[in-house]
Every structure is written in structure tokens, then in C-alpha cells.
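Asks:
Protein chains in written order, with this note's numbering: chain X, 316 to 572; chain S, 70 to 352.
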């Protein structure tokens with residue numbers, strides 16, 4: 316219980332902000348990708364959003380609050396191999412939280428390649444993965460562990476995940492189920508409530524100033540009417556994060572204390 | 070009746086310029102013994118279709134790949150495939166990007182022998198810019214929707230690795246996920262090859278699988294079976310074995326220089342498969 320009584324760390328504030336992305340989602344697959352997002356999905360289900368379904372990172376949807384290990388055994392709710400996952404994706408009953416190597420003011424995301432010529436990129440990344448399909452079929456949010464002008468860029472080199480302007484330009488089949496929601500970073504929570512669905516600052520994490528976020532963003536950021544401070548986890552939420560969901564503290568490997 | 074064959078015989082049925090689909094997912098259950106045999110062969114200008122891991126990377130490093138059709142390239146525990154990265158960044162491989170689910174549709178269209186399947190996937194993204202195979206199609210049903218037409222990914226050959234089969238090619242997976250292996254095998258009309266950990270009598274398939282729900286590869290989908298314990302190494306083939314992370318790390322590090330690759334190639338590729346298996350077990 317090394318954390319007992321300690322105030323929330325930045326990692327735990329980020330977990331809470333990401334969990335909030337799932338509020339109101341109901342009985343869908345919460346599919347947050349990455350360590351801190353995984354913890355956040357578990358936290359949302361263990362507290363205010365109990366109907367969410369979550370994956371074990373392999374081929375099952377599982378009950379139980381643990382995120383990374385199942386000391387008391389896995390309780391399976393559904394067999395969900397990759398084949399079935401696309402049934403879920405295209406049914407729309409999913410909210411994904413993906414990472415982004417680059418993201419632009421309208422939420423166009425890139426994690427395929429960096430460089431001006433796609434045929435010979437400066438840096439080859441993972442590829443398009445499921446980002447094109449996810450973004451035009453169901454709710455999407457993003458997690459950026461290191462908020463910087465290299466990530467938040469005016470124009471992404473490759474559009475893997477579709478943003479607001481590109482969806483609109485692609486027509487009704489692209490916009491019908493388009494549902495791009497939030498970006499949570501190590502510094503702040505942002506949404507797309509700015510003019511023409513541009514990225515807007517909603518709240519800054521405790522210890523972070525609005526200027527910190529502005530200077531870490533490579534384009535003009537819209538400002539919410541009332542930029543608040545991101546909320547702290549409740550004592551119950553802290554206990555869930557520390558003792559049940561992530562007892563081994565994997566969250567610290569992504570955002571140090 | 071028996072379809073038992075060898076890696077070398079599989080390679081002898083492939084030709085320059087072919088489109089070859091490879092099953093598995095990332096660094097999981099990849100038919101690496103056949104991939105190694107291709108790397109040793111004189112084959113060239115291949116188009117590789119894969120949920121890619123070291124199958125694509127190794128063939129790129131060996132100079133076998135002209136085109137890559139892939140939704141991602143990853144070694145799982147090492148996020149990015151270093152040899153594929155090197156090939157991309159040097160411009161030596163033509164890159165045809167796909168979305169994961171779109172890949173399913175392309176294989177399914179080939180398996181169902183239709184020219185395309187419609188989807189929303191790809192709309193608004195740069196897949197429409199960088200993948201010249203894609204087109205759009207207007208819905209004929211008066212709803213005003215313009216969708217992506219995903220073309221059939223017809224394969225000249227398909228190669229997968231399964232846990233068990235009989236000698237006629239009925240096969241089963243014992244791990245958590247078949248991935249899309251059945252679709253790869255259906256997307257090729259001929260030259261459909263599997264390697265397996267163990268060939269067993271037909272009745273043992275359902276016994277080992279524990280349920281008929283795992284009997285997902287039928288012999289009419291398979292032309293050749295290579296029995297090769299450890300064939301997927303260094304990728305994982307659970308429950309038979311986990312990934313050999315040490316050898317995967319060596320493989321990844323060998324992307325660092327021409328000398329490092331030459332040494333890896335000498336030690337782990339330019340050897341017979343029997344020698345590879347003896348060496349990997351001795352580690």
C-alpha cells in the first residue's frame with residue numbers, strides 16, 4: 316500500500332480523464348489501447364459505467380476489474396477473435412481510444428509514416444492498422460502521453476484516423492456514424508468544440524497552466540469559455556486504480572510520478 | 070491421398086512475381102520455416118499480403134519483396150518491424166496500405182469470388198490516396214451513399230501455420246485465435262500450403278482440439294502439408310510454444326547494419342531447417 320494516503324499522481328489524473336471519455340457509453344465495447352487507457356477503461360466500468368464490455372487484449376471480452384493479470388482466473392463473457400472484432404466495429408457498438416504520432420486541429424491522426432513522400436518515408440511507423448475503419452464507424456478518442464508540437468501539428472503527413480473536416484468532405488457515408496470525441500494528454504483534456512470542429516482546450520491537469528498547453532501545441536488552439544482544472548480521482552477511484560486494476564503500477568511506466 | 074510435402078517442394082511451386090498471402094498475425098503463428106525457405110530461394114519480385122510481422126520483414130531483408138499489402142507491420146513485443154522499416158525508408162518496397170478490417174473484406178471477396186465488397190472503411194483517410202487498388206462505388210439503393218469498393222485480394226499462393234492437421238490437410242488451431250488463416254487459404258485457388266506442428270490421425274484432430282468448433286481448415290482448402298515442429302519460431306504458436314523473444318531480439322537488432330544482417334542470415338536462415346530447429350532448441 317505504498318500509495319495509500321498519497322494524493323493522485325499525474326498518471327492517475329490521466330486515467331481518470333480517460334475513464335471520463337466512456338461516461339454515458341452504456342453497453343458497448345470500451346477498447347482503450349495502451350497501458351494508461353486500459354486502466355481507464357477498467358476504472359470506468361468498475362465505477363460509473365458498469366455496462367461497458369472490455370477485452371483481455373487477446374480474443375475475449377472479460378468480466379472482472381483487473382487490467383493486466385488475472386490472479387483469480389479470467390471470467391469470459393464472449394469469445395471475440397479478431398474476426399468478431401470487426402463485427403463489433405462495424406456495428407458501431409465500440410468506443411476506441413487510440414494513440415497518435417501526429418494529430419491536426421480537426422483530429423486527423425497519423426501513425427503510419429512520417430515524411431513528405433509516402434513512397435520513401437523518413438520514418439515508417441506501424442501502418443494504418445484499424446484507424447480508417449474505426450473513425451468512420453464508431454466513437455473514437457485519442458491518448459497522447461507526451462503533448463508536444465511534434466504531435467500536435469498543423470498538417471499530418473498521412474491521414475490514418477479521419478478527422479472532422481476530412482469526414483465531412485468524404486460525404487454522408489463517412490459522416491453518418493462519425494463520432495470523434497476527445498483527446499486526453501499528459502497535460503490536458505481537449506475536445507473538438509472549437510470553430511468548425513477545431514481542437515479546443517477543456518481542462519488542464521493539476522499543476523499545468525493554459526500557457527503550458529498552448530506552447531506544447533503546434534497550432535492555434537481554441538479555448539473553452541471556462542477552461543477548468545481536470546478533476547482528481549475520488550478516494551474510491553484511487554483505491555480501484557492502485558489496489559485492484561493496476562496493483563503492479565504499470566501506469567508509472569507510461570507517465571512517471 | 071496424402072499431401073505431406075517439404076518446405077523446398079512448396080518453394081518449387083512458387084514463381085517470381087507471385088502474390089503470396091501469409092497467415093498468422095504480427096509475430097504470432099507465422100509459417101516461418103517456409104518463409105525461411107523462400108528467403109534462401111532464387112524467387113524475386115513477390116507481392117506479400119499479410120497481417121505482417123517478421124514474415125514480411127525477413128523477406129524484405131532477403132530482397133524478395135517488390136510490393137507489400139499490409140494493414141500493419143509489427144513484432145508485437147517490439148512495436149515496429151525493423152527490417153520492413155528499413156526497406157520502406159530506403160524506398161526498396163512498394164507500399165500498398167490497408168486497414169485491418171478492409172483486409173478481411175478483400176480476402177473475403179476473393180474467397181467468395183466476387184470482384185469487391187462495399188464498406189465505409191477508408192472514406193476520408195489517405196488509404197484512398199496511397200492504395201491504388203481502391204475505388205468508390207455508389208449504392209444502387211437510392212440512399213445516396215458513396216462507399217469504398219474493396220477489391221478481391223486474389224492470391225497466387227497462400228501459406229499458413231496451424232497446430233495440428235491430418236495428412237490430407239484437415240487442420241485445427243489450438244490457440245486463442247484462428248486469425249484469418251481460413252480466408253487466406255480460400256483466397257487462393259491453388260498453391261494452398263500449411264505447415265503444422267504435428268500431423269495426427271484424423272480422429273485425433275477433434276480430440277486434441279477439444280471441440281469441433283476449432284476444426285476450421287478443411288482438406289479441400291489445402292494442397293500441401295509440411296510437418297515441422299517449431300516451424301513458426303521465433304514467432305509464437307501457443308499452446309505449443311511461446312515466442313522466442315531472445316531470437317526475435319537478435320533478428321530485430323540485425324536490421325542495424327549490413328554486417329549484422331549477414332551474420333543473422335548466416336546463422337539462422339542460410340542453414341537447413343533441421344539445423345535451424347536443432348540450434349534454436351540448444352539456445
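Even for Gly, the Cβ is constructed at its ideal location relative to N, Cα and C.
(1) Please classify residue 394 (chain X): is it buried, with 16 or more other beta-carbons within 10 angstroms of its beta-carbon, or exposed?
(2) Any C-beta of chain S sitting closer than 8 Å to the C-beta of residue 442 (chain X)?
(3) Going by DSSP, which residues form a beta bridge with residue 457 (chain X)?
(4) For residue 178 (chain S), tell me which candidate among S:216, S:255, S:225, S:250 has the shortest Cα-Cα distance.
(5) Does the beta carbon of residue 422 (chain X) sit closer than 8 Å to a beta carbon anywhere in chain S?
(6) Using the Cβ count rule (16 or more neighbours within 10 Å means buried), how would you classify residue 561 (chain X)?
(7) In the DSSP assignment, the beta strand (DSSP E) including residue 186 (chain S) goes from what residue to what residue?
(8) Assign residue 316 (chain X) to buried or exposed, taking buried as 16 or more other Cβ atoms, counted over all protein chains shown, within 10 Å of its Cβ.
(9) Is the CB of residue 346 (chain X) under 8 Å away from at least one CB in chain S?
(10) Does the Cβ-Cβ distance between residue 420 (chain X) and residue 429 (chain X) come in under 8 Å?
(11) Which residues of the region 428–460 of chain X have a Cβ closer than 9 Å to any Cβ of chain S? Give them in chain order.
(12) Does DSSP put residue 82 (chain S) in a helix, in a strand, or in coil?
(13) Spell out the partners DSSP gives residue 152 (chain S) in its beta bridges.
(14) Note down, in chain order, every chain X residue with its Cβ under 7 Å from the Cβ of residue 189 (chain S).
(15) What is the residue span of the alpha helix (DSSP H) that residue 173 (chain S) lies within?
(16) Using the Cβ count rule (16 or more neighbours within 10 Å means buried), how would you classify residue 406 (chain X)?
(17) Taking the alpha carbon of residue 92 (chain S) as the point to measure from, which residue in S:257, S:329, S:272 has its own alpha carbon closest?
(18) Taking only the alpha-carbon atoms, compute the straight-line gap between residue 73 (chain S) and residue 239 (chain S) and give it to the nearest angstrom.
(19) Considering residue 375 (chain X), what are the terminal residues of the alpha helix (DSSP H) in which it resides?
(20) Can you find the residues in the same chain that come closer than 6 Å, C-beta to C-beta, to residue 385 (chain X), ignoring five residues on each side of it along the sequence?
(21) Would you kindly check if the distance between the Cβ of residue 404 (chain X) and the Cβ of residue 462 (chain X) is under 8 Å?
(22) Check whether the region 231–246 of chain S touches the region 198–210 of chain S, counting contact only when three or more Cβ pairs, one atom from each stretch, lie closer than 8 Å.
(23) Mind listing which residues of the region 398–411 of chain X have their C-beta closer than 9 Å to chain C's C-betas, in chain order?
(24) Across the region 193–203 of chain S and the region 439–454 of chain X, are there enough close Cβ pairs to call them in contact, namely three or more that are closer than 8 Å?
(25) Against chain S, does residue 475 (chain X) count as a neighbour if the rule is that its beta carbon must be under 8 Å from one of theirs?
(26) Tell me, which residues are paired with residue 337 (chain S) by DSSP?
(27) List, from N- to C-terminal side, the alpha helix (DSSP H) runs of 4 residues or more that fit wholly inside the region 493–538 of chain X.
(28) Quick one: residues in its chain with C-beta nearer than 6 Å to the C-beta of residue 337 (chain S), no 5 flanking neighbours on either side, listed in chain order?
(29) Which term fits residue 481 (chain X), buried or exposed, when burial requires 16 or more other beta carbons within 10 angstroms of its beta carbon?
(30) Just to check my reading of the structure: residue 165 (chain S) and residue 221 (chain S) have Cβ atoms closer than 8 Å, yes? What is that Cβ distance to the nearest angstrom?
(31) Per DSSP, what kind of secondary structure is residue 285 (chain S) in: helix, strand or coil?
(32) Taking DSSP as the reference, what is the three-state secondary structure of residue 316 (chain X)?
(33) Where does the unbroken beta strand (DSSP E) through residue 98 (chain S) begin, and where does it stop?
(34) Is DSSP giving residue 466 (chain X) helix, strand or coil here?
Replies: Answer, in terms of the structure:
(1) Locating residue 394 (chain X) in the first chain gives position 79, counting from the first residue. Residue 394 (chain X) comes out exposed.
(2) Here residue 442 (chain X) refers to the residue found at position 127 when the first chain is read from its first residue. By this cut-off, residue 442 (chain X) is an interface position.
(3) Indexing the first chain from 1 puts residue 457 (chain X) at position 142. Note: residue 457 (chain X) sits in a beta bridge opposite X:413, X:498.
(4) Walking along the second chain from the start, residue 178 (chain S) turns up at place 109. Residue S:255 is the option with its Cα nearest to residue 178 (chain S).
(5) As a working mapping, residue 422 (chain X) is identified with position 107 in the first chain. So no, residue 422 (chain X) is outside the interface.
(6) Here the question's residue 561 (chain X) lines up with position 246 in the first chain. Burial call: buried.
(7) As a first step, residue 186 (chain S) must be located in the second chain, where it is residue number 117. Here the beta strand (DSSP E) through residue 186 (chain S) covers 185–188.
(8) Here residue 316 (chain X) refers to the residue found at position 1 of the first chain. Summary for residue 316 (chain X): the model assigns pLDDT 46, below 50, so the residue's position carries little reliability, and this model does not support an answer.
(9) Translated into the one-based positions of the first chain, residue 346 (chain X) becomes position 31. No, residue 346 (chain X) lies away from the interface with chain S (no Cβ there is under 8 Å from its Cβ).
(10) The residue labelled residue 420 (chain X) in the question sits at position 105 within the first chain. The residue labelled residue 429 (chain X) in the question sits at position 114 within the first chain. Not in contact: residue 420 (chain X) and residue 429 (chain X) (Cβ atoms no closer than 8 Å).
(11) Within the region 428–460 of chain X, the residues whose Cβ lies closer than 9 Å to any Cβ of chain S are, in chain order, 428, 430, 432, 433, 434, 435, 436, 437, 438, 439, 440, 441, 442, 443, 444, 445, 446, 447, 448, 449, 450, 451, 452.
(12) Numbered from its first residue, the second chain carries residue 82 (chain S) at position 13. Correct three-state label for residue 82 (chain S): coil.
(13) Taking the first residue of the second chain as position 1, residue 152 (chain S) is located at position 83. Secondary-structure assignment with DSSP links residue 152 (chain S) through no beta bridge to anything.
(14) Taking the first residue of the second chain as 1, we reach residue 189 (chain S) at position 120. Per Cβ cutoff of 7 Å: 451, 452, 488, 489.
(15) The residue labelled residue 173 (chain S) in the question sits at position 104 within the second chain. Counting along the chain, the alpha helix (DSSP H) containing residue 173 (chain S) begins and ends at 169–181.
(16) Within the first chain, residue 406 (chain X) is the residue found at index 91, counting from 1. Result: exposed.
(17) Within the second chain, the letter at position 23 stands for residue 92 (chain S). Ranking S:257, S:329, S:272 by Cα distance to residue 92 (chain S) puts S:257 first.
(18) By one-based count along the second chain, residue 73 (chain S) stands at place 4. By one-based count along the second chain, residue 239 (chain S) stands at place 170. The straight-line gap from Cα to Cα measures roughly 12 Å.
(19) Counting from 1 along the first chain, the entry for residue 375 (chain X) is found at position 60. Here residue 375 (chain X) belongs to no alpha helix (DSSP H); instead the beta strand (DSSP E) covers 375–378.
(20) Taking the first residue of the first chain as 1, we reach residue 385 (chain X) at position 70. No residues qualify anywhere along the chain.
(21) Along the first chain, read from residue 1 onward, the residue named residue 462 (chain X) stands at position 147. Along the first chain, read from residue 1 onward, the residue named residue 404 (chain X) stands at position 89. In this structure, residue 404 (chain X) does not lie closer than 8 Å to residue 462 (chain X) by Cβ.
(22) no
(23) This model lacks chain C altogether; the protein chains it does include are X and S.
(24) Short answer: they touch.
(25) Residue 475 (chain X) sits at position 160 when you count from the first residue of the first chain. Chain S, which has a Cβ nearer than 8 Å to the Cβ of residue 475 (chain X), makes this yes.
(26) As a first step, residue 337 (chain S) must be located in the second chain, where it is residue number 268. Beta-bridge pairing links residue 337 (chain S) to no other residue.
(27) The DSSP assignment places 525–530 as complete runs of the alpha helix (DSSP H) inside the region 493–538 of chain X, in order along the chain (cut-off: 4 residues).
(28) Residue 337 (chain S) sits at position 268 when you count from the first residue of the second chain. Nothing listed; no residue qualifies.
(29) Position 166 of the first chain, counting from 1, holds the residue named residue 481 (chain X). Residue 481 (chain X) comes out buried.
(30) Within the second chain, residue 165 (chain S) is the residue found at index 96, counting from 1. Within the second chain, residue 221 (chain S) is the residue found at index 152, counting from 1. Wrong, their Cβ atoms sit about 14 Å apart, outside the cutoff.
(31) As a working mapping, residue 285 (chain S) is identified with position 216 in the second chain. In this structure, residue 285 (chain S) counts as coil in the three-state DSSP scheme.
(32) Position 1 of the first chain, counted from the first residue, corresponds to residue 316 (chain X). Caution is warranted here: a pLDDT of 46 is assigned to residue 316 (chain X), below 50, making its placement in the model unreliable, and no coordinate value can be reported.
(33) For this step, residue 98 (chain S) is matched to residue 29 along the second chain. From DSSP, residue 98 (chain S) is part of no beta strand (DSSP E); its letter is neither H nor E.
(34) Here the question's residue 466 (chain X) lines up with position 151 in the first chain. In this structure, DSSP gives residue 466 (chain X) a state outside helix and strand, which the three-state scheme calls coil.
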